[in-house]
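S.K.: Heads up: the sequence shown runs through residues 0 to 359, numbered per numbering that gives the first Met the number 0. Where is the CB? At the ideal position from N, CA and C, for every residue including glycine. As the structure is a computational prediction, the values presented were derived from the model and not from experiment.
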Amino acid sequence: MNFGSIIEEKLKNVFDKFNHQGQFDSFYELASGHINDTYFIKSRVKPNFILQRINDKVFKDVPGMIKNKIKISHHIQKKLNHLNKDELKRRVLTFVYTKDGSTYFKDDYGCFWNMTIFIEDSKTFEIVENEDIAYEAGKLFGDFLKHTDDFNVSDLVEAIPNFHKMSYRYSIFDEAISNSNKVRLEKSFPYINIVNELKNEMHILENMTNMGLFKLRVTHNDTKISNALFDNENKGLCVIDTDTVMPGIVLFDFGDAIRTICNNATEDETNLDKVSFNFNYYYAYKNGFLETLGNSLSETEINHLPLGVKTTIFIMALRFLTDYLLGDVYYKTGYPEHNLNRAKNQFKLIESFTEKMKSI
Ligand code: GN1
Ligand code: MG
0 MNFGSIIEEK LKNVFDKFNH QGQFDSFYEL ASGHINDTYF IKSRVKPNFI LQRINDKVFK
60 DVPGMIKNKI KISHHIQKKL NHLNKDELKR RVLTFVYTKD GSTYFKDDYG CFWNMTIFIE
120 DSKTFEIVEN EDIAYEAGKL FGDFLKHTDD FNVSDLVEAI PNFHKMSYRY SIFDEAISNS
180 NKVRLEKSFP YINIVNELKN EMHILENMTN MGLFKLRVTH NDTKISNALF DNENKGLCVI
240 DTDTVMPGIV LFDFGDAIRT ICNNATEDET NLDKVSFNFN YYYAYKNGFL ETLGNSLSET
300 EINHLPLGVK TTIFIMALRF LTDYLLGDVY YKTGYPEHNL NRAKNQFKLI ESFTEKMKSI
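1) Under 8 angstroms Cβ to Cβ from residue 72, same chain only, skipping five residues before and after it: list those, please.
2) What residues in its chain sit with their C-beta under 8 angstroms from that of residue 278, if we drop five residues either side in the sequence?
3) How long is the line joining the alpha carbons of residue 184 and residue 201, rounded to whole angstroms?
4) Tell me, which residues are paired with residue 27 by DSSP?
5) Report the three-state DSSP secondary structure of residue 54 (helix, strand or coil).
6) In or out: residue 311 buried (at least 16 other Cβ within 10 Å) or exposed?
7) Does the ligand MG have even one heavy atom less than 8 angstroms from the beta-carbon of residue 272?
8) Please confirm if the stretch 142-151 is in contact with the stretch 62-78, defined as three or more CB-CB distances below 8 angstroms between the two stretches.
9) Following a CB-centred definition, is residue 267 positioned closer than 8 angstroms to any heavy atom of the ligand MG?
10) Counting by C-beta, which residues lie closer than 5 angstroms to a heavy atom of the ligand MG, in chain order?
11) Three-state secondary structure (DSSP) at residue 288?
12) Please identify the residue among 218, 97 and 127 whose C-alpha is closest to the C-alpha of residue 155.
13) Which of the three DSSP states is assigned to residue 313 in this structure?
14) Enumerate in chain order the residues of its own chain whose CB-to-CB distance from residue 102 is below 8 angstroms, with the five nearest sequence positions on each side excluded.
15) So, for residue 208: in the same chain, excluding its five sequence neighbours on each side, which residues have a beta-carbon less than 7 angstroms away from its beta-carbon?
16) What does the Cβ neighbour count give for residue 43, buried or exposed, with the cut at 16 atoms within 10 Å?
17) Looking at residue 159 and the ligand GN1, is the gap between the Cβ and the nearest heavy atom below 8 angstroms?
18) Excluding the 5 residues flanking residue 313 on each side, which residues of the same chain have their C-beta closer than 7 angstroms to its C-beta?
19) Starting from residue 260, follow its DSSP beta bridges and name the residues at the other end.
20) Comparing alpha-carbon positions, which option in 57, 86, 227 and 129 lies nearest residue 283?
21) Can you find at least 3 beta carbon pairs, one from the stretch 222-231 and one from the stretch 108-128, that sit closer than 8 angstroms?
22) Tell me, please, whether the stretch 251-268 touches the stretch 295-307 by the rule of three or more beta-carbon pairs shorter than 8 angstroms.
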């Protein structure tokens, strides 16, 4: 048996554990995520499905994290109950339970699997092509926060503790420097300097959060543009990948969307000349976002949106650099310097954002 058919057998087996009317036809891997293994399952009868093996080294409480996702989906479904059943299924993720009623399946190797219904006639973008898409994305992620605004944050587990806590990110970065191999450390030197230079500024939001200046909300925490589904007319459809939904502040959700929407290149681009910050997309996104969410944001939140952007790009740069120093233990990588290149890309984006920000 070759590797492909071993995976197919495995997926068929797992798929069979879930409660659905589908019949396994074929599969392919959706390889753009950095953490979980995600598969498109084509069924002989519609719907098709998304089957996902959750990385339990990253998500230490998988059942709790899946519960988060399901609670949030149900909450949004109630908010959208004016839509008909078919339309509703295109606007919010539908989770499929196992035949014995569990929200996930745990296989013999201890791996956790969960499944959702695939949303047909939808697409994602890795790079934004025009302002309309940026605006639609703003409305979509704004809607997500708006719909969950009245959800009690203490009903969610912290899917990944300290996820956006800068002091924590700095502390594991410092540890990584002490434990890094020499070659990786030397290649990182210029960027380690940038990290140190920005230290105070990059702690402002954490300090303000500790002072209670930002509302603790239900936040998505992975609002990169590829986690927004669009329909064939490029209208925003559904927010996906709710793994990291947990209590947080609005600024990282705003920042992470902007980080990916306003980068003229992808996060993996190694030609840094192509990496530059697009302010037209920034304004388009912000317009969509504030149109849906504006009334629920405080003046302090709105005033700190630009710092939210810089801090979010920075925290990604820092996380990629830390993982490079540690020898690629967290993110999936395609080649040895992948994480370093991702970090360089994000540092270049910060530089471009800061320069352009000064001139407006
Ligand atoms: C990871 O696996 P994926 O692509 O959904 C990461 C995000 C990063 C993103 C960068 C749990 O998300 O925080 O922003 O890579 N997810 C986790 O592309 O760490
Ligand atoms: Mg994710």
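M.R.: According to the structure shown:
1) Your numbering for residue 72 matches position 73 in the sequence shown. Excluding sequence neighbours, residue 72 sits near 91, 92, 93, 94 and 241.
2) If you number the sequence shown from 1, residue 278 lands on position 279. Excluding residues within five positions, the ones whose Cβ falls inside 8 angstroms are 261, 355 and 359.
3) Here residue 184 is taken as the residue at index 185 of the sequence shown, counted from 1. Here residue 201 is taken as the residue at index 202 of the sequence shown, counted from 1. Going by the C-alpha atoms only, they are around 22 angstroms apart.
4) Taking the sequence shown and counting its residues from 1, the one referred to as residue 27 is at position 28. Residue 27 is bridged to 39.
5) Counting from 1 along the sequence shown, the entry for residue 54 is found at position 55. In the structure shown, residue 54 sits in coil (DSSP, three-state: anything other than H, G, I, E or B).
6) Sequence index remark: in the sequence shown, residue 311 carries index 312 (1-based). So residue 311 counts as buried.
7) Reading the sequence shown from its first residue, position 273 is the one you call residue 272. Result no, Cβ not under 8 angstroms from the ligand MG.
8) yes
9) Here residue 267 corresponds to residue number 268 of the sequence shown, with the count starting at 1. Not under cutoff, so the answer is no.
10) Residues flagged by the Cβ proximity filter: 221 and 240.
11) Position 289 of the sequence shown holds residue 288. DSSP places residue 288 in the helix class (H, G or I) of the three-state scheme.
12) Within the sequence shown, numbered from 1, the residue matching residue 155 stands at position 156. For the residues 218, 97 and 127, the minimum Cα distance to residue 155 belongs to 218.
13) Position 314 of the sequence shown holds residue 313. DSSP places residue 313 within a helical segment (H, G or I) once states are collapsed to three.
14) Counted from its first residue, the sequence shown places residue 102 at position 103. 62, 65, 66, 69, 94, 96 and 113, listed in sequence order.
15) Here the question's residue 208 lines up with position 209 in the sequence shown. Counting only Cβ-Cβ distances below 7 angstroms, and skipping sequence neighbours, we find 248.
16) As a working note, residue 43 is residue 44 in the sequence shown. With fewer than 16 Cβ atoms within 10 Å of its Cβ, residue 43 is classed as exposed.
17) Indexing the sequence shown from 1 puts residue 159 at position 160. Yes, since a heavy atom of the ligand GN1 falls inside the 8 angstroms radius drawn around the Cβ of residue 159.
18) For the purposes of this step, residue 313 is taken as residue 314 along the sequence shown, with counting starting at 1. If we look at residue 313 and ignore the five residues flanking it on each side, its Cβ neighbours are 197, 201 and 349.
19) Position 261 of the sequence shown, counted from the start, is the residue given in the question as residue 260. The partner list for residue 260 (beta bridge, DSSP) is empty, contrary to what the question assumes.
20) Taking the first residue of the sequence shown as position 1, residue 283 is located at position 284. It is 129.
21) yes
22) yes
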